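If you're matching positions, the sequence shown starts at 591 in the working numbering and goes up one per residue.
No residue lacks a Cβ here, since even glycine has one placed at the ideal position from N, Cα and C.
This one's a predicted model, so the numbers in the text were calculated from it and none came from an experiment.
Data block below; observations after.
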Amino acid sequence: MDKWTGRVALVTGASRGIGSSVARMLCQQGMVVVALARDIAELEAIAVDYKTNGFEGSLVPMKCDITQPDRISALLNTIRTDPDLEGVDVLINNAAVAFAEPLLSGNPDVWATMVKTNFLGPTILAQEVFKSMKEREVDDGHIIFVNSLSGHRLLPGNKDLHMYSATKFALRSIVEGLRLELRQLDSHIRVSYLTADDVANLILSIMSQPGHVQIHDLLVRSTEQIP
């Protein structure tokens with residue numbers, strides 16, 4: 591992880607759960623982590639805690655609603671014009687929402703929220719972060735999408751989450767499309783799609799791979815897990 595020391599990572603959904611764990615791990619490894627959430631009060635307290643505890647890196651809380659494309663653009667512009675940041679080298683697309691809205695009786699407005707949060711937002715973020723890398727001639731960046739098992743198969747008994755699953759399935763095609771477009775540009779920027787419980791440590795492993803290795807689509811689950 592030495593090559594990432596002092597460089598900038600952008601983590602969505604960073605105030606709790608997987609996003610919080612990933613942001614903490616990256617700060618411990620010496621990265622400057624721009625931590626996104628809709629409410630940053632909790633993140634601001636965490637940032638102070640990390641500084642007090644002597645983390646090698648630092649946490650920079652920022653507020654952003656990733657369902658709004660104009661706010662994503664404004665966010666990247668804020669990062670671009672900050673002399674302590676200047677751009678993004680690693681993107682962790684983690685934020686997601688899941689609502690029980692069946693296909694035959696669900697609320698289309700709620701479906702739209704899931705599509706914007708789980709699919710369109712992460713895709714637009716990836717595009718904007720790629721622009722940030724390109725304009726700074728960063729060719730070793732990494733874009734990582736955090737998935738769930740619902741993005742690999744429809745889970746028995748979870749009929750109410752079919753639209754949620756659809757948004758996660760859609761991301762898989764986006765990730766493959768990104769990989770192909772990056773190859774066509776002869777870019778060495780890597781893109782990964784990760785499904786696991788222990789996401790933080792796996793992200794550390796993925797980012798630590800040599801430049802010629804790309805872990806593209808990784809699903810990790812316990813031997814006892816059904817299905």
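Helix, strand or coil at residue i according to DSSP, with G and I counted as helix
i, result
"T657", "coil"
"T602", "coil"
"V680", "strand"
"M723", "helix"
"L786", "It should be noted that the sequence gives Ala, not Leu, for residue 786. Coil at A786, not helix or strand."
"S610", "helix"
"S663", "helix"
"F709", "helix"
"M652", "strand"
"R597", "coil"
Nearest-angstrom Cα separation, counted from residue j out to residue i
i, j, result
"A760", "M753", "11 Å"
"A625", "G711", "15 Å"
"Q804", "K593", "16 Å"
"F645", "D699", "42 Å"
"D629", "K653", "6 Å"
"Q619", "N708", "27 Å"
"N748", "K758", "14 Å"
"V687", "D655", "13 Å"
"L616", "S763", "27 Å"
"N744", "A631", "Reading off the sequence, residue 744 comes out as Leu, not Asn. Cα to Cα, the separation comes out at about 36 Å."
"S782", "A690", "28 Å"
Own chain partners of residue i with C-beta closer than 8 Å, once the 5 adjacent residues on each side are dropped
i, result
"D729", "M723, S777, H778 and I779"
"N697", "E691"
Selected residue, minimal CA-CA separation from residue i, among the options
i, options, result
"G647", "S798, T785 and R597", "R597"
"V765", "V736, T642, T671 and G609", "V736"
"E802", "E691, L744 and G731", "According to the sequence provided, residue 802 is His. The question's Glu does not apply to it. If we check each option's Cα against that of H802, G731 comes out closest."
"M704", "L751, A664, E727 and D679", "L751"
Distance between beta carbons of residue j and residue i, contact taken as under 8 Å
i, j, result
"I662", "T602", "Rounded, the Cβ-Cβ distance is 10 Å, inconsistent with contact."
"L633", "L649", "7 Å"
"K706", "T657", "4 Å"
Cβ-based neighbour list, residue i, same chain, cut-off 7 Å, excluding 5 preceding and 5 following
i, result
"V612", "V601, I682, N684, V789, A790 and I793"
"E718", "I662, S663 and L666"
"P659", "I714"
Contact with chain B by residue i, beta-carbon distance below 7 Å
i, result
"E771", "No chain B is part of this structure, which consists of one protein chain only."
Contacts around residue i, its chain only, beta-carbon distance under 6 Å, and the 5 residues preceding and following it disregarded
i, result
"I733", "L681, A716 and V781"
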